[in-house]
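To keep things clear, I will list the structure first and then write my remarks on it.
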Amino acid sequence: MTSNKRILMAALSGAFMAGPMASAAFAADYGPVYAQPEAVPVIVEPAPVAVASGWYLRGDVGHSFNSETDGHYRVLDSGIITERDYDTIELRGNTDFSVGAGYRFNRYLRADATLGFWKRDVYGSTEFSDVLFFDDTSKITAWEMMANAYVDLVTFGKITPYIGGGLGFTRVKYGTLKNRAFCYDPSICGNSYEADHGGLTSTRFTWALMAGASVDITRNTKLDFGYRYSHVRGGKAFGWDAFDQAAGATGPQGYDDGFSVHQVRVGLRYEFGGPQSAVYQPEPLPVYDQGPAPVYK
């Protein structure tokens, strides 16, 4: 064997022996490579929000629209009393006021007691015969005491719609009623005349239904927009004039059949117990567990 062949064989033998050792050194330099596991979302639940309960105060201003009702009155003629029905009784709209105090039991249920005041002009008219007509005008003042309960529905951001109902009593006081009679044929019914009838006071059962929404202004202060329908039971309205009293008439002469009142309201509510807003938190974002990170050497 020639010297060249010996040199070539020695080189091949060295390369063969160095191959495994070089691979091991290469692997040792770079370290292990970990396969990445499939990402699994881990949901982080938000902490529960405490909904405060406790006392609150409220004040409201409302506008009531015109409404109509019925009624009847008694007539004394030659010692005989008969009853007649009004063709219409109209209650004119006006501004109403109320204040109250209440208690929130939880984020859904609250209740309050309110004291309200309203004043109206009232008009009544009837056609007594083909030639005789009556017009009555008066004023009504009323104090209303109500116990109310509300259910707050789903909260959308700072807005919480609600529904509610109430029961109570209204102290209705009529002012002096001006009665005017118009006779279009004096030969039949005489001349027209005017007379005053003393107003009467009565306490009447009242019920109401409410719907609206409250808006969070601050953590404790709510702005309330709502609609309210209430019905005041009928009762006595006015007494006899001086002429009929002299003829022996006693007791009430006129009655109304009650009032149905449609009202829009705006008010403020201050809750001492703290906020009940932000009941619904945003959906939690998923946090992905990436597993152990690879270590490179």
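Under mature numbering (1 follows the signal peptide of the UniProt record, and there is no 0), residues -27 to -1, 1 to 270 are what the sequence shown spells out, in order. By construction, the Cβ of each residue, glycine as well, lies at the ideal position given by its N, Cα and C atoms.
Inset, instruction - Could you tell me the distance, in whole angstroms, from the CA atom of residue 69 to the CA atom of residue 236? - result: 9 Å
Legend entry - Validate contact between the region 207 to 216 and the region 144 to 153 using beta carbons, cut 8 Å, 3 pairs: yes
Inset, instruction - Could you please give the first and the last residue of the uninterrupted alpha helix (DSSP H) stretch that includes residue 58? - result: Unbroken run through residue 58 is the beta strand (DSSP E), 53 to 58; no alpha helix (DSSP H).
Legend entry - Through-space distance from residue 133 to residue 243, alpha-carbon basis: 15 Å
Inset, instruction - Would you kindly check if the distance between the Cβ of residue 245 and the Cβ of residue 73 is under 7 Å? - result: It is not a contact, given that the beta carbons lie outside the stated cut-off.
Inset, instruction - Indicate whether the contact test is met: 3 or more Cβ pairs, each with one atom in the region 77 to 91 and one in the region 54 to 64, closer than 8 Å. - result: no
Inset, instruction - Within 10 angstroms of the Cβ of residue 166, are there 16 or more other Cβ atoms? Answer buried if so, exposed if not. - result: exposed
Legend entry - Unbroken alpha helix (DSSP H) run spanning residue 219, endpoints: 215 to 219
Legend entry - Minimum length 3: unbroken beta strand (DSSP E) runs contained in the region 177 to 219: 194 to 212
Legend entry - Per DSSP, the bridge partner or partners of residue 113: 93, 147
Inset, instruction - Report the residue from 150, 30, 96, 222 whose alpha carbon sits nearest the alpha carbon of residue 272. - result: Absent from the model: residue 272. The displayed extent of the chain is -27 to 270, so no value can be given.
Legend entry - Between the CA atoms of residue 189 and residue 238 - distance to the nearest angstrom: Their Cα atoms are separated by approximately 17 Å.
Legend entry - residue 128, DSSP secondary structure in three states: Note: residue 128 maps to coil in three-state DSSP.
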